[in-house]
Structures are given as C-alpha cells and as structure tokens.
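The opening residue of the sequence shown carries number 0 in numbering that gives the first Met the number 0; numbering runs sequentially from there. Report on one structure; see the data block that follows.
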Amino acid sequence: MTTPRRRARHLVRRWWPVALAVPLGAAAGAGYAVVSHPSYAASAYVLVVPQNPGEAATATNFAQAYGRLAGQPQVLGVAAVETGHTRAQLESLVHGTTSPDAPMIEITGTGTRPQEAAQTADAVARSLVSFANTSSKDTSVRLVTLAPAAEPDKPTTPSAALDVAVGGAAGLLVGALVMMTRRRGEAAPPEAAEPVEAAEAPVEPTTPATPRPRGEQPPAADRAGQADEAGKTGQAEETEETEKMEKAEEAEKVEEAEGQPGKAAAAKNSAEEPPAKEKAAAGSGR
0 MTTPRRRARH LVRRWWPVAL AVPLGAAAGA GYAVVSHPSY AASAYVLVVP QNPGEAATAT
60 NFAQAYGRLA GQPQVLGVAA VETGHTRAQL ESLVHGTTSP DAPMIEITGT GTRPQEAAQT
120 ADAVARSLVS FANTSSKDTS VRLVTLAPAA EPDKPTTPSA ALDVAVGGAA GLLVGALVMM
180 TRRRGEAAPP EAAEPVEAAE APVEPTTPAT PRPRGEQPPA ADRAGQADEA GKTGQAEETE
240 ETEKMEKAEE AEKVEEAEGQ PGKAAAAKNS AEEPPAKEKA AAGSGR
C-alpha cells in the first residue's frame, strides 16, 4: 500500500466521528427549518415630543420609562380588545425597545402571519400613545406615532442558513467529544493483574534429630521400616521377659516348697537381667 493511501486511511480512522457528526447535525438543522412553523415580526415606532423647547433630555428619559410600560397590563388591556388576543398572549407576542440617545420607542409584534404581526404592533403602539397622553400636562411630553408597522416579506424564524449552521456546529462538538473519548480509551495502559499470594501451608513443629553423617543417613522409607521392626522386636522381647519372670516365680514357689530356694532366686535374677541385644541397642543409642 502506498504512503498516500496509508495517510488517508489513518485520517479516516482518527477523524471519522467528526466527519460523520457534522453532516448529520447540518441535516438535523435543515430538517428543523423545514418542519417548524414560520414566525413573522413587524415594528411600529413611537416618538416622545417635549412640549417645552430645549427639554430633549427630559423626552429621552420619558422614552425609557414608556418603553418599559409597553408590555404592562395598563397598555396591553386596550390592545387585547382590538386584536382579539388575550392579555397573556400579547405579553409573549409584543415587546418594546428604546435607544439611550434618542426619544423613540420601538414596538415589535410577532405572529404566524405578516398581517397579524403588523396589526399587533400597531395596536400596542396606539394604546401606549393614548395611555401616555392622558398625563401629558404633568409630564410635559407627548407621544405620537412616528411610523406604523409594515407587513414583513419573509419570516424571521426559522432561518434555514442559521439552523443548518447551528446543527453543523453541534455535530462538530459531539464528534470532537467522541474522538477525544476514543483517544483516551486507546491511550490508557492496561491494568496490571495483581499477584495472587499463595496460601502458606501451616508449618508443623519438628523434633530435632541428632545429626548423622551424610553417608549413614538412610532414606525416609527405610527409616520408617526400621522403626516398625524395632517396635515389633521390643514387644516380642517384653513378652518373652514376662514369661521368664512368671516361670521363675513358679519355680521359686516349688523350691520353697521342696526346701531349695537358691536355684529359684538364680533363675529369677537371670530373668530380670536384660538380654544382650537390648544392652547393645542401648549402647548404640547412647
């Protein structure tokens, strides 16, 4: 495989989450723009005029105050009767904005149709003018409609270009997160298996034995056999000694009855003496 193909394959392996998520996000944004309902916006402008010349600053301050009143129930109550909407609906459909250096108020109305948006903005603008002019003697300013609302040619939302761009950006973000997660998973070293400690067998206490020369030590099996034979021999010798003692006692009784105690005592002493084999075993053990 040539080097360009390898590079292309490496790039595909590394960047495929982003390459897949961005088109999907853009397609989702375009789908939203198609299925969502259009919304239109229209704006009417109201001007604050001072009654005394040279009070432009006062008119600007009152414009800020009346701009806040454009969404209040005092103004929306009259406009709701004219438009056929409820006051709660108008609160979500209308809002007013002002300029910090000009005595002008912008009333913006929204609706599902261009005519509805323009009618809503004009109704709220007329209601605001009527409400403000009832106290013009006290405020020394009057409100007049500068420009009525015009029907818009195209909807403000949805915007196909904006929705596609937002969907593509969301897809880019998701793809980048997936790619970072995959790279972290590949870079993480495998966890080393913990060594299992072998269970230690209990150590039985051993009786110290007398060391012997290496050439004289018999195997373990021979030592076990010798121990068994020694045990059997010891039992046989004890039985034989017991029998001799019994015979000697009987002979002693007979001699005493016949009047010859010396022979019985000698036989008893000979029975009590340990055999020669026992003496030899005792000497070797020592």
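Heads up, the beta-carbon is just placed ideally off N, CA and C, and yes, glycines get one too.
Report the three-state DSSP secondary structure of residue i (helix, strand or coil).
| i | result |
| --- | --- |
| S91 | helix |
| A148 | coil |
| S135 | helix |
| A198 | Low confidence applies to A198: its pLDDT is 46, below 50, so where it sits in the model is not reliable, and the reading given next is rough at best. A198: coil per DSSP, three-state reduction. |
| A192 | Residue placement at A192 is poorly supported in this model, since its pLDDT is 45, which falls under 50; the coordinates still yield a value, given next. It is coil, neither helix nor strand. |
| S35 | coil |
| T97 | strand |
| R8 | helix |
Using beta-carbon positions only, say whether residue i and residue j come within less than 7 Å of one another.
| i | j | result |
| --- | --- | --- |
| A43 | A116 | no |
| A27 | G167 | no |
| L68 | A79 | no |
| V21 | L176 | no |
| V143 | V48 | yes |
| A169 | G30 | no |
| E81 | Q114 | no |
| R86 | P72 | yes |
| T155 | S38 | yes |
| L127 | V74 | yes |
| G174 | V77 | no |
Starting from residue i, trace the beta strand (DSSP E) both ways and give me its first and last residue.
| i | result |
| --- | --- |
| T109 | 101–110 |
| P49 | 39–49 |
With 16 as the cutoff for other CB atoms within 10 Å, does residue i come out buried or exposed?
| i | result |
| --- | --- |
| P102 | buried |
| L92 | buried |
| R125 | buried |
| T96 | exposed |
| A159 | exposed |
| E105 | buried |
| D152 | exposed |
| H84 | buried |
| A247 | buried |
| A120 | buried |
| T59 | buried |
| D162 | buried |
| G108 | buried |
| Q50 | exposed |
| R8 | exposed |
| A146 | exposed |
What are the boundary residues of the alpha helix (DSSP H) that includes residue i?
| i | result |
| --- | --- |
| E81 | 72–82 |
| T155 | Run containing T155: none; DSSP gives neither H nor E here. |
| A69 | First-last for A69: undefined, no H or E at that position. |
Original post:
Taking contact to mean at least 3 C-beta pairs separated by less than 8 Å, is the stretch 129–140 in contact with the stretch 57–72?
Top reply: yes
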